[in-house]
Amino acid sequence: MALLVDMRNIVKVYSNGVVANNGVNFQIEKGEIHAIVGENGAGKTTLMKILYGLEQPTSGEIFIKGEKVEFKNPINAMKKGVGMVHQNFMQVPSFTVAENIVLGNEPTEHLFLDKKKSIEITEELSRRYGLFVEPAAVTETINVGMRQRIEILKILYLGVEILILDEPTAVLTPQETKDLFEAVRVLVEQGKTIIFITHKLREVKEISDRVTVMRNGKIMGTMQTSEATRGGLARMMVGREVFLDIKKTKMKRGNKKMVVKDLSYVSDTGRTMLRDVSFNLYSGEILGVAGVEGNGQTELVEVLTGLRIPAAGQATVGGGVVTGKTPREVRMAGVAHIPEDRLTNGLAVSASIDDNLIVDRFFNPPFRKGVTIDYEEIEKNGEEMIKEFGILTPNGQLPVSSLSGGNMQKVVVAREFSSEPKILVAAQPTRGIDVGATEFIREQLVQKRTDGAAILLISADLAEVMSLSDRIITMFEGEITGVFPDASTIEEDELGYYMLGIKRQSKKEMEALL
Amino acid sequence: MRKFFSNPAVRETLRVIIAVSIALALGFLVTLFVSEDPFGAYKAFLLGPLSKFNRFGDWIEESITLILVGLSVAIAFRANMFSMGTEGQLLLGALVSGSIALFVPLPTILRIPLAIAAAMAAGFIWGWIPGYLKAHLDANEIVSTLMLNAIALKMYDYFLIFHIKAPDAGYNASDFFPVEGSLPSFIPNIPIFERAYALFSDKTNITIMVYVLIIAVIAAYYLIYRTPFGYKLRMVGANIKFARYGGIDTKKTMILVFAISGIFGGLAGAHLSMAIHTKLIANISVGMGFEGIVVAILAKINPLLIPITGLAYGYLRAGANVMERSSDMSREMIFVIQALIILFVTAERFLPTIQKRVEERKENNSHAEKIAPSDGGSHEV
């Protein structure tokens, strides 16, 4: 087979001394789907940025089709046929799909954009590569899956042969992921080559021909995907045995901790996001909420934790109403909250790790001493947490922004778990973090539940919901569509029907199980 | 040696020194073009504040105002609130303290503390208003504080012209404050300091405000870094959504941030009226409140660095004044030079970028020279 890309002995040392790539040799064959896996900070993204011209290697050489290349910027790389689809879409929201695709190389007619032509181009590209988009739709009104397809079409329009996809499925629903994989296969049939960065080992098995594992800036191995096992890959990524399947003891359900009754929420724009949601949460159980993102889960979490005020209904903890109260009052009632987006709510990344660990308790002793706060205590607390939760950092005075995604999430988890909550609302607790941190956080969740905490788990990762939960409820368009009292006996497809609102249990059926 | 230069504090100091040097060189270039006696003019600019005792006094007095307004701005900016309200707080602080100094018949020992406290209170209230408007009505703080500045200015003028100045005076100014309402010199009038006291109180208006200032700097630092309120302030500044999620009452914090920032603005006003001018005049502050933004940003919003940047910026302004008075340089050109310096110092990436380019070029050259199997040390890592 022809060697399309040959990266030899790539070393990348960032100006702050971080060695991101340390003597990497990486080869891509024409027409393959090549997955790169590794923990956060393993150097996958850096390696790809070098291939794409966003970063320049400290030393090492790159050959494309046997020709030595030196990319100073992405434009150089594009000219040699290398393009990258980033996690964050680079699109103008108010433009149409077609306008976004031709942006930068617009067909013009008398100095003006030729709209008809750009729509034709888009339709032609869309047809050829089997990537469906609506050329005339305004970008901000379309869903994430289509926006991603715009991004792919954009670089295909520039005649790229090698497509680097950086965690493309992180933002997609299961259905959209299937569509994407279908499209990737079509692209390969058309002679394109795909490099696929991901965290999800299941996807590696499903889509790739070969897989490369990176750890600590080095390549641990490259193999045929058919010869790799998920366990083996995980072990190579982390450097030790990883338990992908959580071992759980049998549930010992305790008393009712939280009662949610007829909760409704209407957004600022007047959309009903929650409709008559009722359920009970018991100590010693993990209650999973399964649903396609955007069906009211975010609103449910934020109403329960004091960040939003419900339109009707209430939630009570130990008889006291917690809805409509301030976040501080909700926390005082014993409710901890791992927010779905750690960067928006969960952390102040420019503040120190120590400061991030005390936001819910700085006003209490030992941190507060009279009118001052005691930084010795705060640092001591930081040290203890860093040790207990294995946060990878030289010290707690560094800003959170210096941590990798997984370690950032550990800061959130450390704070929320150490508050000894009676109830824990965990939203997307392992989103976008590496295998090692994911395993750790899942274990901790199960441990807390076994110790008697009541846990409400919301996750877009269906496998996570199914493996961790004792009981599952499905949500569709702000309503509960089904309750499954024993999570271990449900089929994924069956859950899917309820998540999409195709099937529904009646109020009566659910009542006893909620 | 390498290690010494890789220390961030050393690098930063070096960066500032180099940036100022380049700016001064450019400033001299400007002077060369517009002045008949460029060396004399530039000397006046660079050494003016130290050339005479009263000029030294002007520098220190100006710096005290700058440091106070710098602290005021820093407190708001640290919480990510872009308050432009220091100017208005300063004007009301001057008005209130000046009125008390003029009209409240109390002995010195009571009148001065009362005047200072009243200035602080005026600033507090004038800061509280935009804080409340932002927290509860979501009013943009830049707009609201600028509007409040306009109101404060007109209130100041109104009271000065219609109520304070002598009706028969031909200009808009009050009488000089009586002794009971003027701040005493920072050197106590006791026998062992006799000569120093005579010198300073004769030639300068450096008053006990120096001590108030020292307390203010320390208080601002402690407030921001060592109190629960300061923690809230910093978290609101770092990520307000995080603060709210963590249980901090962000609205209350926001309002207090503006109000406390106002205290320092009010203090600056008291310094202007009771120390520098010892009377109330029209245009008592021409945008001094805004200079606080420069001082705070030069100090990277760190209260402990603000005295340094305040003194440095004060020196620049004092030097410019001397140059204007003692050479043929026009005020306009002096502003150009001043602005150049600020630009160079605040353009943080300016020198690192150049440094990086130079290093890259060096690296490329060395790569080219050795056809290098050893490859420039990359295997050490």
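Quick mapping for you: the protein sequence lines, in order, are chains A and B. Take the first sequence: its position 115, counting from 1, is numbered 95 in our numbering, and each next residue is one higher. Take the second sequence: its position 234, counting from 1, is numbered 230 in our numbering, and each next residue is one higher. In this text, a Cβ means the ideal position worked out from N, Cα and C, and glycines have one as well.
Cα atoms of A/VAL168 and A/ILE421: separation of roughly 37 Å, rounded to the nearest angstrom. Burial state of A/GLU41 is exposed, judged by a 10 Å Cβ sphere holding fewer than 16 other Cβ atoms. The alpha-carbon separation between A/VAL257 and A/SER244 amounts to approximately 7 Å. Chain-order list of chain B residues neighbouring A/ILE353: ARG222, THR223, PRO224, TYR227, by C-beta distance under 7 Å.
Note that the C-beta distance between A/THR410 and A/THR418 is below 8 Å.
Between B/VAL318 and B/ARG51 the beta-carbon gap is near 6 Å, inside 8 Å, which marks them as a contact. Using beta-carbon distances, A/ALA117 does not count as an interface residue toward chain B, since no partner is under 8 Å. Of all C-beta pairs linking the stretch 291 to 307 of chain A to the stretch 198 to 217 of chain B, fewer than three are shorter than 8 Å, placing the two stretches out of contact. Taking the C-beta atoms as reference points, B/ALA75 is found no nearer than 8 Å to B/VAL290.
In the structure shown, A/VAL49 adopts extended strand secondary structure according to DSSP, grouped into three states.
Exclusion of the five residues before and after A/ARG484 leaves THR461 as the residues of its chain whose Cβ lies within less than 6 Å of its Cβ. One finds PHE238, TYR241 in chain B with Cβ atoms closer than 8 Å to the Cβ of A/GLY326, taken in chain order.
As far as DSSP is concerned, B/SER326 takes part in no beta bridge. Listed in chain order, the beta strand (DSSP E) elements of length 3 or more contained wholly in the stretch 179 to 229 of chain A are 190 to 195, 198 to 204. A distance below 6 Å between beta-carbons, with the five flanking residues on each side excluded, links A/VAL49 to the following residues of its chain, in chain order: ILE42, LYS60. Take the alpha-carbon of A/SER447 and the one of A/SER468: they are about 8 Å apart. Scanning chain B for C-beta atoms nearer than 8 Å to the C-beta of A/ARG195 yields nothing, as the closest lies near 16 Å away.
For A/ILE44, the enclosing beta strand (DSSP E) begins and ends at 39 to 44. Excluding residues up to 5 positions away in sequence, nothing lies with its Cβ nearer than 6 Å to the Cβ of A/LYS360 in the same chain. In the three-state reduction of the DSSP assignment, B/ILE13 falls in the helix class, which pools H, G and I.
For A/LYS10, the secondary structure class from DSSP, reduced to helix, strand or coil, is coil. Look at A/ASP340 here: in three-state DSSP terms it is coil, with no helix or strand label. Three or more Cβ pairs drawn from the stretch 295 to 315 of chain B and the stretch 54 to 67 of chain B lie within less than 8 Å of each other, which places the two stretches in contact.
Per DSSP, the beta-bridge partners of A/ASP146 are A/ILE177. With the criterion set as a beta carbon lying under 7 Å from some beta carbon of chain B, the members of the stretch 286 to 297 of chain A are LEU287, in sequence order. Annotation: the continuous beta strand (DSSP E) that includes A/PHE259 extends over 252 to 262. Counting other Cβ atoms within 10 Å of its Cβ, B/ARG321 stays below 16 and is therefore classed as exposed.
The beta carbon of A/LEU93 lies closer than 6 Å to those of GLU86 in the same chain, with the five residues before and after it left out.
Between A/ILE470 and A/ILE452, the C-beta spacing is below 8 Å. Per DSSP, the continuous beta strand (DSSP E) segment holding A/THR454 begins and ends at 451 to 456. For B/MET250, the nearest beta carbon of chain A is not closer than 8 Å to its own beta carbon. Between A/ARG395 and A/LEU337 the beta-carbon gap is near 5 Å, inside 8 Å, which marks them as a contact.
Within the model, the alpha-carbon separation for A/LEU437 versus A/ALA406 is close to 5 Å. By the beta-carbon neighbour count (other beta carbons within 10 angstroms, threshold 16), A/MET(-13) is buried.
Counting along the chain, A/TYR245 sits inside the beta strand (DSSP E) bounded by residues 236 to 246. A Cβ of chain A is located within less than 8 Å of the beta carbon of B/ILE244.
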